[in-house]
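According to the numbering used here, the residues represented by the sequence shown are -14 to 300, in order. Written out below as structure tokens is the structure these notes cover.
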Amino acid sequence: MNELSLKSLDKFVDPRLTADGQERASVELGSLKTLWFNTGSVCNLSCENCYIESNPQNDRLAYLTTGNVASYFKEIKMLKLPTKLIGFTGGEPFLNPDFLSILQLTLENGFDTLVLTNGFRRIERYKKELQALNRCFGEKLQIRISLDHYSPSIHEKERGGRTFGPTLKTAKWLFDQGFRLSIAGRAIESESQSEAVQGYQTLFKKYEIGLNANSSEHLVVFPEMDLDKDVPEITVDCWGILKKEPEQQMCASERMIVKHKGNINPSVMPCTLLAYDPQFNLGSTLNSARKTVPLNHKFCAQFCVLGGASCSSTA
Ligand code: SF4
Ligand code: SF4
């Protein structure tokens, strides 16, 4: 085992203290503004850097049912929570056999609704149903497609061969049909954010997709993340040093529902990034999940506090 692996082993163990004995940072839930549902971890792609380790075989997160989702909507109402936005992620949400009925239910309950999809083939089966939802609910429904890069070769290096064209075709169809569409993109290490934005703008123009790459409503560009990188732990002093606030982290205003394989009830996790680690299981109800979250995972440092960007908006 090399020195780097040994260092990593000592970290992210004790929820209260870091490896060098300092008080670990934690985040309190303020108010639940956004509730995510992970519809299931199975995906029709096997991306190299999928932080949730999805692929066609990974069913560690079972499909959520319409009934599962409905019970959380009831709880939102019962607790009078200020939740406005419901987000769906996976895996690929359109693989879940209940997904269209879940979408309908969400929109009928008046929530703003954001679907993160890889846009690769599966969504095409539901064109008619989606058009009907778009006619009824318009702007309330937002679909965000992950296009890992504006160049086909870099996108396909991450997502697999012959994925770029069909994904772009879906994006164009959604745009042409008047859906509220956005793209989740990525800037590779060797390029700046503005170079990436320019690259996406050129692509949109070439394919006559009328999105404005300079608007965060239309394009979100995430930095490239090396999931094997050794990262420091976050202590209570880091907030001041880094000039960051606990309130800016996703777990201060969001939660994610998952159903771990073999469990009857779904569980509430603090954010979209941590789907499996049992220490982050906050119970099965939103009420039980009003807990302070110790930042005891490398993603807390890598994606959130140091990265300044979460992967929550990609699929
Ligand atoms: S990964 Fe980020 S959002 Fe999730 S618990 Fe850690 S700090 Fe909070
Ligand atoms: S990154 Fe998205 S599309 Fe790729 S395997 Fe993961 S869930 Fe599927």
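Note that the Cβ used here is the ideal one computed from N, Cα and C, for glycine as well.
With distances taken Cα to Cα, identify the nearest neighbour of E251 among E239, K18, T257 and G268.
Note that residue 251 is Pro in the sequence shown here, rather than Glu. The shortest C-alpha separation from P251 is found at G268.
Any heavy atom of ligand 2 closer than 8 Å to the Cβ of N40?
yes
Using alpha carbons as the reference points, say which of L291, L88, A10 and E38 lies closest to V216.
L291
At a threshold of 8 Å, does C285 count as lining ligand 1 (C-beta to nearest heavy atom)?
Residue side-chain check: C285 places its Cβ nearer than 8 Å to a non-hydrogen atom of ligand 1.
State yes or no: is the C-beta of V290 nearer than 8 Å to some heavy atom of ligand 1?
yes
In terms of DSSP beta bridges, what is Q127 paired with?
L99 and R165
Which residue marks the beginning of the alpha helix (DSSP H) containing L80, and which one marks its end?
Segment: none, L80 is in no alpha helix (DSSP H) and carries neither H nor E.
Excluding five sequence neighbours on each side, which residues of the same chain lie with their C-beta closer than 8 Å to the C-beta of D44?
G25, S26, V27 and K246
By Cβ distance below 6 Å, which residues in the same chain neighbour Q264 in space, the five residues on each side in sequence not counted?
Around Q264: no qualifying Cβ.
For the alpha helix (DSSP H) holding S303, just list the boundary residues, first then last.
Lying outside -14 to 300, the shown extent of the chain, residue 303 is not represented and no answer is given.
In or out: D5 buried (at least 16 other Cβ within 10 Å) or exposed?
exposed
Could you pull the start and end residues of the beta strand (DSSP E) that E376 belongs to?
With the chain running from -14 to 300 in the structure shown, residue 376 is simply not present.
In whole angstroms, what is the alpha-carbon distance linking L66 and K191?
44 Å
Return yes when at least one heavy atom of ligand 1 lies under 8 Å from the C-beta of P255, else no.
yes
With the cut-off set at 9 Å, would you say Y261 and L188 are in Cβ contact?
no
Using the rule of at least 16 other Cβ atoms within 10 Å of the residue's Cβ for burial, across every protein chain shown, is G15 buried or exposed?
exposed
Do N40 and S31 have their C-beta atoms within less than 9 Å of each other?
yes
Just the Cα atoms here: how many angstroms apart are P78 and F(-3)?
31 Å
Let me know the secondary structure DSSP gives N34 once reduced to three states.
coil
Using beta-carbon positions only, say whether V205 and A169 come within less than 9 Å of one another.
yes
Please find out if some non-hydrogen atom of ligand 2 comes closer than 8 Å to the beta-carbon of F105.
Yes; taking the cut-off as 8 Å, the Cβ of F105 has a heavy atom of ligand 2 nearer than that.
Using the C-alpha atoms, what's the distance from L64 back to L49?
Straight across, the Cα-Cα distance linking L49 with L64 is about 22 Å.
Identify the continuous alpha helix (DSSP H) that holds T187 and give its terminal residues.
Q178 to K191
Give me the residue from G104, F105 and Q89 with the minimum Cα distance to T98.
Q89
Give the single residue among A117, D83 and Q233 whose Cα lies nearest to the Cα of G52.
D83
Along the chain, where does the alpha helix (DSSP H) containing N119 start, and where does it finish?
K112 to F122
Is it true that the CB of I194 sits closer than 9 Å to the CB of F160?
yes
If distances are taken between C-alpha atoms only, which option among E38, S56 and K112 comes closest to G163?
K112
Thinking just about the alpha-carbon of each residue, which of E239, I173 and W158 is nearest to the one in N34?
I173
Which stretch, first to last residue, makes up the beta strand (DSSP E) that contains F58?
First-last for F58: T51 to M63, but that is the alpha helix (DSSP H), not the beta strand (DSSP E).
Tell me the residue span of the alpha helix (DSSP H) that contains G225.
C223 to L227
Nearest by alpha-carbon distance to F96: which of C289, F122 and L258 is it?
F122
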